[in-house]
Structures are given as structure tokens and as C-alpha cells.
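Residue numbers (our numbering): 276 to 447. Even for Gly, the Cβ is constructed at its ideal location relative to N, Cα and C. Just so it is clear, the structure is predicted and the values come from calculations on it, not from any experiment. First up is the structure itself, then whatever we jot down about it.
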């Protein structure tokens with residue numbers, strides 16, 4: 276598995292305004308070449324950290340936060356309850372993340388396998404609930420067939436910044 280470079284790790288730290296100690300690799304970059312989504316190891320500081328796909332793009336984070344402020348989490352929870360096909364796709368997305376998470380777990384950390392196999396993306400236990408839209412978008416951008424993430428991405432008209440924000444704010 277490809278590991279994250281020091282340069283990308285520094286960019287991610289600037290994007291998120293925090294050090295990310297469990298970043299494994301960059302799984303998606305923007306057209307400017309900066310990280311958009313990273314793969315994180317499912318443990319952090321010796322404890323379970325079930326979020327393996329992490330959205331880092333400041334532009335997308337802001338756009339998705341606006342959708343959350345408009346009540347889109349509740350909208351998606353209603354769709355999950357009303358549409359069985361959609362609900363099954365969401366459940367499947369959680370199961371794909373669980374399998375991927377368990378697949379990257381190192382042998383020395385297998386004691387956490389049971390705990391990490393009980394929760395979906397972001398540690399959610401009830402797959403009919405939506406913790407946050409950012410998680411679902413990160414999974415979708417990392418290649419998981421996540422219908423919530425797909426729909427959220429389609430709602431965002433401008434999917435990248437137009438001013439190469441990360442070059443000026445994260446690359447110094």
C-alpha cells in the first residue's frame with residue numbers, strides 16, 4: 276500500500292488545521308494536485324478510529340457543511356426510511372467500508388477486529404442514521420458505491436475551488 280508523503284501530510288494538516296497521525300495514503304486529489312480524500316488507519320493513539328476515508332478539501336468541506344445547515348441530513352434519513360432500495364445501498368456502503376477497514380488492519384491490531392466490525396462509516400451503529408454528509412462523500416470519492424455521497428456530490432455545482440486555495444494556504 277502506498278504511504279502518504281511528508282508533503283501531502285503537511286498539506287492535509289494545513290487543510291484540516293490539525294495533525295493527522297493515522298493517515299495512510301491519499302486516495303483522491305483535485306485537479307490542482309492536492310489531497311481531497313485520504314485513507315486513515317482504523318486506530319488512532321491506540322484506540323479504534325473507524326473513519327477510514329477522510330475528506331480534506333477545504334472547499335468541499337465548506338460546501339457540504341452548507342448542505343448540512345440546510346437540513347440535508349434529515350432529508351437523507353427520511354429517504355433511507357422510505358426507500359428500501361436506497362436503504363440497502365447505504366447499508367451495503369457501510370459493509371464495504373467495514374470490510375476495507377478490517378482489510379487494512381495490521382495483524383498486531385487484530386484485537387480490535389470485533390469492535391471495528393460492528394460499526395459503519397464514522398463509527399455509526401444504526402445504518403438508517405446519517406452522522407454527517409462529509410463521511411459519505413469521502414467514502415464515495417474513495418470509490419465506495421455510497422448513494423448518499425454520490426447524491427451530495429451531485430448537489431454541489433462547483434466541486435473545486437477556482438483559486439488553487441491549497442497552493443497558497445497549505446503549501447508554505
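- Item | Pairwise C-alpha distance: residue 400 and residue 351 | The residue labelled residue 351 in the question sits at position 76 within the chain shown. The residue labelled residue 400 in the question sits at position 125 within the chain shown. Going from the Cα of residue 351 to the Cα of residue 400 covers about 16 Å.
- Determine the direct distance from the alpha carbon of residue 409 to that of residue 448, and round the result to whole angstroms. Here the chain has residues from 276 to 447 only, and residue 448 is not among them.
- Item | Reduced DSSP category for residue 293 - H, G, I as helix; E, B as strand; rest coil | The residue labelled residue 293 in the question sits at position 18 within the chain shown. Coil at residue 293, not helix or strand.
- Can you check whether the CB of residue 291 is closer than 7 Å to the CB of residue 300? As a first step, residue 300 must be located in the chain shown, where it is residue number 25. As a first step, residue 291 must be located in the chain shown, where it is residue number 16. Cβ distance not < 7 Å, so residue 300 and residue 291 don't count as in contact.
- Message: Classify residue 359: buried if its beta carbon has 16 or more other beta carbons within 10 angstroms, exposed otherwise.
- Response: Looking up residue 359 in the chain shown gives position 84. Its Cβ having fewer than 16 others within 10 Å, residue 359 is exposed.
- Task: Flag this pair as touching only if the stretch 313-333 and the stretch 405-419 have three or more C-beta atom pairs under 8 Å; answer yes or no.
- Result: yes
- Message: So the candidates are 288, 280, 279; which of them puts its Cα closest to the Cα of residue 441?
- Response: As a first step, residue 441 must be located in the chain shown, where it is residue number 166. Nearest of 288, 280, 279 to residue 441, Cα basis: 288.
- Could you tell me which of 412, 437, 438, 282 sits nearest to residue 429, measuring between CA atoms? Along the chain shown, read from residue 1 onward, the residue named residue 429 stands at position 154. Cα-wise, what sits closest to residue 429 is 412.
- Does the Cβ-Cβ distance between residue 310 and residue 286 come in under 7 Å? Numbered from 1 along the chain shown, position 35 holds the residue referred to as residue 310. Numbered from 1 along the chain shown, position 11 holds the residue referred to as residue 286. Going by C-beta atoms, residue 310 is nearer than 7 Å to residue 286.
- Item | residue 302 versus 318, 284, 370, 374, residue with shortest Cα-Cα distance | Counted from its first residue, the chain shown places residue 302 at position 27. Of 318, 284, 370, 374, the residue nearest in Cα terms is 284.
- Query: Excluding the five sequence neighbours on either side, which residues of its own chain have a C-beta within less than 7 Å of the C-beta of residue 421, listed in chain order?
  - Reply: What you label residue 421 is simply residue 146 of the chain shown in a count that begins at 1. The answer, listed in chain order, is 368, 411, 414, 415.
- Looking at residue 431 and residue 338, is the spacing between their C-beta atoms short of 7 Å? Walking along the chain shown from the start, residue 338 turns up at place 63. Walking along the chain shown from the start, residue 431 turns up at place 156. Yes. Within cutoff.
- alpha helix (DSSP H) segment containing residue 330, residue limits: Here residue 330 refers to the residue found at position 55 of the chain shown. Not the alpha helix (DSSP H): residue 330 falls in the beta strand (DSSP E), residues 328-330.
- Message: Between which residues of its own chain and residue 295 is the CB-CB distance below 6 Å, once the five residues before and five after are set aside?
- Response: Indexing the chain shown from 1 puts residue 295 at position 20. Closer than 6 Å at the Cβ level, and outside the excluded window around residue 295, lie 287.
- Query: Beta carbon of residue 318, beta carbon of residue 384: below 7 Å?
  - Reply: The sequence position of residue 318 within the chain shown is 43, counting from 1. The sequence position of residue 384 within the chain shown is 109, counting from 1. Against a cut-off of 7 Å, the Cβ pair of residue 384 and residue 318 comes out as a contact.
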